Structure formats: structure tokens, C-alpha cells
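Q:
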Amino acid sequence: MQKLPTLLFVSTFTEERDGVEYFHYYRAQLMKGTSSELLADQFRAENILVDLRLHDKGTMARNHGTGFRTYENKLSLLFNNVEDL
Numbered sequence: 119m120q121k122l123p124t125l126l127f128v129s130t131f132t133e134e135r136d137g138v139e140y141f142h143y144y145r146a147q148l149m150k151g152t153s154s155e156l157l158a159d160q161f162r163a164e165n166i167l168v169d170l171r172l173h174d175k176g177t178m179a180r181n182h183g184t185g186f187r188t189y190e191n192k193l194s195l196l197f198n199n200v201e202d203l
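For reference, each letter of the sequence shown is one residue, going 119 to 203 in my numbering.
Structure (C-alpha cells):
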């Protein structure tokens, strides 16, 4: 809740012409406001997954921290307010 209180999610179509990538922005959504109860509900619904980012380099293991993953079509479920811009 502190790390990501607000999210601007922009959807695009991309096209490459002569080695240059072009973007066509067709949707923007402002997502804001979440709570521990809302996130707990989404964990139970399996819309948020825990990603343990461990890396084993031979004899040296590194912990890159715990991450959280969700599918794009479930992202709006993590916020109380979703506004199309």
C-alpha cells in the first residue's frame, strides 16, 4: 500500500517500421486506493501470486527479495478506484 498507492496503467499497440518502434496509446487508467483487506481477498482468490526471486550462482545464492505477481486482467481488482482517462 505504501510502495504503490497509485498506478497509471497505459495500454498500447506497437509497430516496428525500419527498425524504429512506434506506439499507439489507446487507453489509460488511473488506479488508486487499496487496503490490506482488499489485498488479502485477492490473495485468497489467487489473483495475486508470491514470487520468490532467488538466484543460485554456483556456490553463491542470492535473494532478490519477495515479489508479487498478478495478471493484467486482474490488476484493477487490487485497487478501490479505477478511472478511465
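For every residue, glycine included, the Cβ atom is placed at its ideal position computed from N, Cα and C. Since the structure is predicted, the reported quantities are computational estimates derived from the model, not experimental observations.
Along the chain, which unbroken stretches of the alpha helix (DSSP H) at least 4 residues long are found entirely within the segment 140 to 164?
A: The qualifying runs are 154 to 162.
Q: If contacts are defined as beta-carbon pairs under 8 Å, then Thr152 and Phe141 qualify, I think. What distance do you get, rounded to the angstrom?
A: 28 Å between Cβ atoms; not a contact.
Q: Within the 7 Å Cβ cut-off, does Leu196 reach chain D?
A: Note that chain D does not occur in the displayed structure, where there is just one protein chain.
Q: Can you round the beta-carbon distance between Leu203 and Leu148 to whole angstroms, since I take them to be within the 8 Å contact cut?
A: Leu203 to Leu148, Cβ: 6 Å. Contact.
Q: Among Val128, Ala146, Tyr189, Leu125, which has the Cα closest to the Cα of Ala163?
A: Of Val128, Ala146, Tyr189, Leu125, the residue nearest in Cα terms is Tyr189.
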